[in-house]
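Visitor:
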Amino acid sequence: MPSHPVLLPPRHYLNDGFGVKSWLLTRDHKRIALLYLAAVTVFFFIGGAFAVLIRLELATPAGDLVTDDTYNKLFTMHGVMLVFFFLIPGIPAVLGNFLVPLMIGAKDLAFPKINLASWYIFVIGGTFTMYAVVTGGLDTGWTFYTPFSTMSSTSAVVPAAIGIFITGFSSILTGLNFIVTIHRMRAPGLTWFRLPLFIWSHYAASLIMVLGTPVVAVTIVLVAADRIFSFGIFDPNRGGDPVLFQHLFWFYSHPAVYIMILPAMGVISELVAAFCRKQIFGYTFVAFASLGIAVLGFLVWGHHMFVAGQSVYAALIFSFLSFLVAIPSAVKVFNWTATMYKGSISWDTPMLYAIGFIGLFTVGGLTGLFLAAVGLDVHVTDTYFIVAHFHYIMVGGTIMAYLGGLHYWWPKISGRMYNELAAKVGAVIIFFGFNLTFFPQFILGYLGMPRRYHAYPPEFQVLNVLSSAGASILGVGYLIPMVYLAWSLRYGKIVGANPWGAVGLEWTTTSPPPTENFAEAPVVTWDAYDYPTQVEGHVV
Amino acid sequence: MSDTTAEAGRRPRPALAHHFDDLAQQKDAATLGMWVFLATEVLFFGGLFAAYSVYRGWYPEAFGAASHSLDITLGAVNTAVLITSSLTMALAVHAAETGERRLLVLFLVATMALGAVFLGIKAVEYAAKFAEHHVPGPSFHFEEEALSRNAQIFFSLYFVMTGLHALHMVIGLGIMTWMLVWAWNGTITKEYASPIEISGLYWHFVDIVWIFLFPLLYLIGRHA
Amino acid sequence: MWSGTPLFPVSASTMAPRVDALYFFLVGLTAFFSLLIGSLIVYYAVRFRRRAPDAIGARIEGGAVLEITWTVVPLVIVMGIFVWGASVFFAMSRPPDDALNVYVVGKQWMWKFQHLSGVREINELHVPVGRPVKLVMTSEDVIHDVFVPGFRVKADVIPGRYTQIWFEPTRTGRYHLFCAEYCGTRHSGMVGEVIVMEPDEFQAWVAGGRAEGSLASEGAKLFRDLACNTCHRPVAQGRGPVLEGLFGRTVTLEGGGTAVVDEAYIREAIVDPGARVAQGFRPVMPTYQGIVTEDGLLQLIEYVKSLRDEDRR
Amino acid sequence: MSHIVPKSVYYLIFAALMAGTAVTVAMAFVDLGAFNAVVALTIAVVKATLVVLFFMHVRYSSRLTWAVVFGSVFWLGILLALTFSDYLTRSWRTFG
Ligand code: HEA
Ligand code: HEA
Ligand code: CUA
Ligand SMILES: [Cu+2]
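Chains as they are written, first to last, in our numbering: chain A, 1 to 540; chain B, 541 to 764; chain C, 765 to 1077; chain D, 1078 to 1173.
#1: Does any C-beta atom of chain D lie closer than 7 Å to the C-beta of residue 594/B?
#2: Using a beta-carbon distance below 7 Å, is residue 747/B in contact with chain A?
#3: Grouping DSSP H, G and I as helix and E and B as strand, with all else coil, what is residue 937/C?
#4: What would DSSP say about residue 1014/C, mapped onto helix, strand or coil?
#5: Report the option in 472/A, 290/A and 239/A whose CA atom is closest to the CA atom of residue 437/A.
#6: Between the Cα of residue 1119/D and the Cα atoms of 574/B, 687/B, 751/B and 729/B, which residue gives the shortest distance?
#7: Can you tell me which of 120/A, 489/A, 445/A and 451/A puts its alpha carbon nearest to the alpha carbon of residue 32/A?
#8: May I ask which residues mark the beginning and end of the beta strand (DSSP E) holding residue 890/C?
#9: Interface residues of chain A around residue 909/C at Cβ under 8 Å?
#10: When the Cα atoms are used, what is the spatial distance from residue 208/A to residue 867/C?
#11: Whose Cβ in chain A lies nearer than 9 Å to the Cβ of residue 1141/D?
#12: Return yes when at least one heavy atom of ligand 4 lies under 6 Å from the C-beta of residue 254/A, else no.
#13: Could you check what DSSP says for residue 456/A in three-state terms: helix, strand or coil?
#14: Answer with yes or no whether the minimum CB distance from residue 541/B to chain C is below 7 Å.
#15: Within the 7 Å Cβ cut-off, does residue 313/A reach chain D?
#16: Could you confirm whether any beta carbon from chain B is found closer than 7 Å to the beta carbon of residue 765/C?
#17: Do residue 1166/D and residue 247/A have their C-beta atoms within less than 7 Å of each other?
#18: Who does residue 867/C pair with in a DSSP beta bridge?
#19: As a quick exercise: from 917/C, 893/C, 847/C and 905/C, pick the residue whose alpha carbon is nearest that of residue 899/C.
#20: Could you name the residues of chain B that residue 1145/D contacts, counting a contact when the two beta carbons are closer than 7 Å?
#21: Any heavy atom of ligand 1 closer than 6 Å to the CB of residue 326/A?
#22: Any residue with its Cβ nearer than 5 Å to a heavy atom of ligand 3 should be included. What is that list in chain order?
#23: Quickly, what does DSSP pair residue 777/C with across the bridge? List them, please.
#24: Report the neighbours of residue 634/B on chain D: residues whose CB is nearer than 9 Å to its CB, in chain order.
#25: For a contact defined as C-beta to C-beta under 8 Å, what are the partners of residue 1036/C on chain B?
#26: Please find out if some non-hydrogen atom of ligand 2 comes closer than 6 Å to the beta-carbon of residue 54/A.
#27: Between the segment 80-88 of chain A and the segment 187-194 of chain A, can you find at least three pairs of beta-carbon atoms closer than 8 Å?
#28: Since residue 870/C and residue 901/C are thought to touch, with beta carbons under 8 Å apart, how far apart are those beta carbons, to the nearest angstrom?
#29: Using CA coordinates, which residue listed in 463/A, 375/A, 391/A and 480/A is at the minimum distance from residue 845/C?
#30: How about the segment 848-865 of chain C and the segment 1039-1059 of chain C: do they share at least three Cβ pairs that are nearer than 8 Å?
#31: Using a Cβ-Cβ distance cut-off of 7 Å, determine whether residue 802/C contacts chain A.
#32: Along the segment 769-797 of chain C, what residues have a CB closer than 8 Å to any CB found in chain A?
#33: Excluding sequence positions up to five away, which residues of its chain have a Cβ less than 7 Å from the Cβ of residue 745/B?
#34: Report the neighbours of residue 711/B on chain A: residues whose CB is nearer than 7 Å to its CB, in chain order.
#35: Going by Cα to Cα distance, which pick from 570/B, 605/B and 702/B is closest to residue 742/B?
#36: In chain B, which residues lie less than 9 Å from residue 953/C when you measure between Cβ atoms?
As C-alpha cells, this is what we get:
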C-alpha cells in the first residue's frame, strides 16, 4: 500500500475540455469510446425491456398480456436492438476503441475523424430503427426472412432496414480503422507476436466486419427494392428464390456471431492473464485460433438453413465445416483453463466474470454442436433449444466478458474504483439469474416448443415460468452495476496507474490517460504478459 | 500540432495529422485504409454477382432475351468512356506525383467530364427502359410473353447493379470535385500526393465493376 | 407441480429413437466437457488463489504436445458426430418408395392436407400407424414449416416449390403439429394435430370422409375445364407434348440439357412454362400462375402422374 | 517516395483495355455455346487484373496490398462457391 494519498493526474482526457461540444466533436478515441458506451447502454436497456415483456407474456400459455402482433414486434425489436445495436458494437466500439491505441502504444486510431463519424452513423442508424418502432414497429424477426418481409409484413420494414443498413457502415468503418491502426500504428518493437491477445481478437473481428457487413448491406438493398419498387428478386411468384435471401443474409449473420464472441474472447484472455499474473498458456495457438475462427466462420452459414430447402449435399458440407469451426474455440477454452494452473489467482470481480464466461461459453458452444449435427438439428431448429444456445453464448458469454472487461478497465477509464462487494453480489446474481432463465429453455426446445410463439400448449408452462422468474432476477442483476459504477464516478477510491498489478502498455500510463495517451512514446522490448520481468515497480 | 515541413504556412491545412509520426506512415495508413475499403466494396457488389449468377443459371433463355433489349452500342461506348477516364485518372496521379499542378487539374477535369458522359449515356439508356416498360413492377411488360416473368428478374438485377454502380460514380464525382479544389489551391504537392492516389484507387475500382457488368448484362447470347 | 410437465418428448416414429440416441450422446459429451472445464477452473481458482498481494504466477510457456492433443481429440470427436448426424439426416431425406403420399398446403395461418383418395382435412392429419407417410408440401404465401416433435421431423414449406418429409408412426395417439417457421401475426396459432390410427380404423375413417373424388379425378376435371386438352392430347399431333407416361421419365430440353419429370417439374411446367421448354416445341403454352390454386396444381399433378403410357392412342 | 509509373505504361495498358473491350464485343457475336460466358469473363478478369496491377499500382505495392486484393477476391470466391454448393446440387437425388 502506498503511504501517500493517490490523486488523479492533473491533466487527463476527461478534463481536457469541458462542455457538450468538447464531447460531441471530439476526435479522441477514448472519448468516442465513452460516447459509444452511453449509446450502447441505452440500446441495451431498451432491448432488455423488450425481453422483460416477452418473458411476462410467456409466463402463461395463453397469449393474454399483449396481442400477437405486439408480441411479434417485441421479439423482433428485442433481437434487432440487442444484436445490431448492442452486441455487435458493444465490446469493439467501447472497450476496443478505448484500448486498441493504448495497448499498441499509439496516440490514437489511424482515422480519428472516421472514428467520430462512425459513432454518428451509429446513432443515426439507431434513431432510424427507433423511428421504425414508433411508426408501426417491425414484425419480421431479426432475420428478415423473405417473402414475409418483402410481400406480407405490413410493419415498418423499410425504415428499420435503412436503420440497419446505416449502422452497417459504422461497423465497417470501425473494423477498417482497427485493421489499419493495428498494421500501421504499433509502437516500435511491438511485433505481431508481442501483441496482447485482445488485439489479435479485435483484428480478427475487424476482418469479419469489413468482409461480411457489405453483403448484408446489399441484401438489405435488394429487400428494400422488392418492397418499395416491387422488383420481386426474392418473390417466388415472380421467379425469385426466397432461399437465396437466406444465403446472403447468413453469409453475414453467421460470421457476425463471431464479431460478437471474438472481442469477448480477447477480453477473457486479458482478464485471465491479469488475474492469474501469468502469461497465457499457448499464446500463439490462442492468437491463431482467433484468425481461424474468423476465416472458418465464413464457411458455415448454411447451418442455419438445414431445413430451409437447400440441397441435402450443401447441408452436409455446411455441417462438416460447422464442426471444424468449433475446434479453435475449444483450443481457446483449454488454454485459458491451463493458464489458471499454478497461477496467482485473485478473486476480484472481473475474474468472477471471466470464470462465468468460460463455463457458460462452454455450455453454449457445446450445444452448438447439437445444431451442427444435421440429423439432430432437424428436430431442434426453430425451437427454444436454439434460443437457449445463443443466449448462453451471447448473454452468458459475451455480456459476461463485456461486464468483466468494463470492471477491469473501469479504473483506467475513470481513474476510480467501484465498490467491490456490490460488484461481487451483482456478478453472482447475474450468474444465477442467467442460468435460471435459459437452462429450462433447452428442455423446452427438445420438447418441441417452437420459438417466436406468442401462445403455447399448457404442458410447457412450468418451465416457462421458471424462465420468466430467472429473467426478473437477471434484470435486477443488470441494474446493480449501473448503480455502483455510476456511484464510483464521484465517490470511488482514486487509484494509481496500475491498480491490478497487471502488465500491458495501457497500465503504464496514468489513470485516466492523457489525451495523447502516453507522456513519452513507448518502446517495447518485452512479450505480452511478461510477468516476472515487469511487475516490479508497480504500485500494488 | 507538430508540423515540421517548411512550406506549411502556404497550405490551408497541415498535411501531417498529429497522431502520426511522419508523412510516410500517414500515407501508408491512408492507402491501406482505401484498400480495405475496396475489399468491402468487392463483397458489396459480390452479393449482387451471386444473385445474378443464381438466376442466370436458372433462366438462361429469359436472361438472353432480356439482354438483347439492351443497347449494346451504348454499353460498349460507355465501357470505352470509363476506361478512358481511368487512363486520365492514372495520368492525374502521375501529374500529382511529379508535382505538375496544371496537368493535374487538367486530368482531373477530364476524368470528371468522362464520368459525366458515362452518367449521361446511362440516363439515356434508363429513359429508354422506362419508355419500353422494361422497369420491373406493376407496369412491366416484356415482348416475349413466355419469358416475361423471368426477364423481369433480369431487369431487377440490371437496375440494382447499374444503379448502385452509378451511385458509386456520383460519389466518385464528388470526391473528384474535392480533389480538384485541393489541386487548385495547392494542398496537393509532390510530397503530399496521396489524396489523389487514394481517390484514384476508388475511381479505378468503379471502372473494374463496370468491366464485369458490361459483359454480364449486355453480352448474353448475342449470337443467337 | 411437475405432474403434467413433461421433460422429454414422446417418441412416436421410427426416426425418434435414432435422433434421441444422438441427442443423449451429445448431452453426455456436453456434461463431460462442461463438468471437466467447470471443475478445473473452480479447483484452480481455489487451489492457486493469490496468497500475497504481489505474488506472481508460475512461468509456464505452454507445450506443443498438449496443444496438439486438445486439437486432435475434439476434432476426432466432432468428426464422429458429423458422420452420425449426417447418416440420420440421410435417412430423413430419403422417403421409402411405398410411402403413403399426402399433399400439404400451408397458408397464413392454417394447414390443408389432401389425401390421394380425395379426402381433405384442415389442421388435422389422420395417418395409419406402422406405414411410412410422405408429405409433399408447398405454401400459398410465405414460408411455413411443418414440425411434429413426436416424430422428430421438420421441414420448411416454401412458396413456389415442393419440399418433402416422411415419417413412420410407431404408436397411435394425437401429436402436436406446429408451424415452426415464423410466418406473421398468427404464427403461434398455426398449429394442428397428427392423429395416428390403427390401419383398419384409418380405412374406416377414409371411407367415412366426404371425398369429392380422388385427387387425380379432380385433376382430370380441371384439365378439361382449363382446356389443357386442346393442346395436350393422347396423340402425337397436339400442339403440346403428349403427357401420357411422362412422369418419372427424363425429358430433353430445348437448348440442351435434360430434366427428370417429378412433381416439381410438372408444377413448373404449368406456372412457368417458359423456364424449361421440352425439345421440339415452341414456348406457346400460357402460364397458369394465379389461375390455378396450389390445391388445383396438386390435382393436375396427380392427374398427369396417373396418365400411363398405355393410355396413349 | 514511392515508385512513379512511367506514362508509357499507362498508355500501353489503356490500349490493351480498349482492345479487350473490342474483343469481348466481337466474341459475343460468335457462337461458342456455353463458352461465350467463359470467354467474356476471362477477358473481363484479364482487364480487371491489368487495371489493378498498373493503374492501381499493385504491381509496385507492398505484400500487404497484395494480400488485401487477394483476400477480397478469395472471400468473394467463398460466397460464390458455397452458395453454388447448394444450387448446383439441389436437383441431385439422394442415393440409397
Ligand atoms: C455469439 C454468438 C454465437 C456463437 C459464438 C455461436 C457459436 C456456434 N454456433 Fe450458434 N447461433 C447463434 C449465435 C452464436 N453461435 C445465434 C444467434 C443463432 C440463431 C440465429 C437465429 O436463428 O435467430 C445460432 C444458431 C446456430 C445454428 C443454427 C441452428 C438452427 O437454426 O437450426 C447452428 C448450427 O450449426 C449453430 C452452431 C454453432 C457452433 C457449432 C458454434 C461454435 O462456434 C461453438 C464453439 C464452442 C465450443 C465447441 C465450446 C468450447 C469447447 C470445449 C469446451 C471443448 C470441447 C469441444 C469439443 C469436443 C468440440 N448456431
Ligand atoms: C445480444 C443479444 C441478446 C441479449 C442480451 C438477450 C437477452 C435476453 N433475451 Fe433474447 N434474443 C436475442 C438476443 C438477445 N437476447 C435474439 C437475437 C433473439 C431472436 C429474436 C428473433 O427471433 O427474431 C432473442 C429472442 C429471445 C426470446 C425468444 C422469443 C421468441 O422466440 O418468442 C426470449 C424468450 O425468453 C428472449 C429472452 C431474453 C432475456 C430474458 C434476456 C435477458 O438477458 C435480458 C436481461 C435484461 C434486462 C431484463 C434489462 C434490464 C433492464 C430493466 C430491468 C429495466 C426495466 C425494464 C422495464 C421497465 C420493462 N430472447
Ligand atoms: Cu406458418 Cu409459422
Ligand atoms: Cu451460425
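All C-beta atoms in this analysis are idealised placements derived from N, C-alpha and C, irrespective of residue type, glycine included.
Guide: With the structure as the only source:
#1: yes
#2: no
#3: strand
#4: strand
#5: 472/A
#6: 751/B
#7: 120/A
#8: 888-892
#9: 307 and 382
#10: 43 Å
#11: 183
#12: yes
#13: coil
#14: Low confidence applies to residue 541/B: its pLDDT is 37, below 50, so where it sits in the model is not reliable, and the reading given next is rough at best. So, not an interface residue.
#15: yes
#16: Low local confidence applies: a pLDDT of 45 at residue 765/C is under 50, so the model's placement there is unreliable, with the coordinate-based value given in what follows. No, residue 765/C lies away from the interface with chain B (no Cβ there is under 7 Å from its Cβ).
#17: no
#18: 878/C and 900/C
#19: 917/C
#20: 575, 576 and 579
#21: yes
#22: 908/C, 943/C, 947/C, 951/C and 954/C
#23: 933/C
#24: 1081, 1082, 1083, 1084 and 1087
#25: 689 and 690
#26: yes
#27: no
#28: 7 Å
#29: 375/A
#30: no
#31: yes
#32: 769, 770, 771, 772, 773, 782, 783, 786, 787, 790, 793, 794 and 797
#33: 578 and 581
#34: The premise fails here: residue 711/B is roughly 13 Å from chain A at the closest Cβ pair, so nothing lies under 7 Å.
#35: 570/B
#36: Those within 9 Å of residue 953/C in chain B number zero; the least Cβ separation is about 32 Å.
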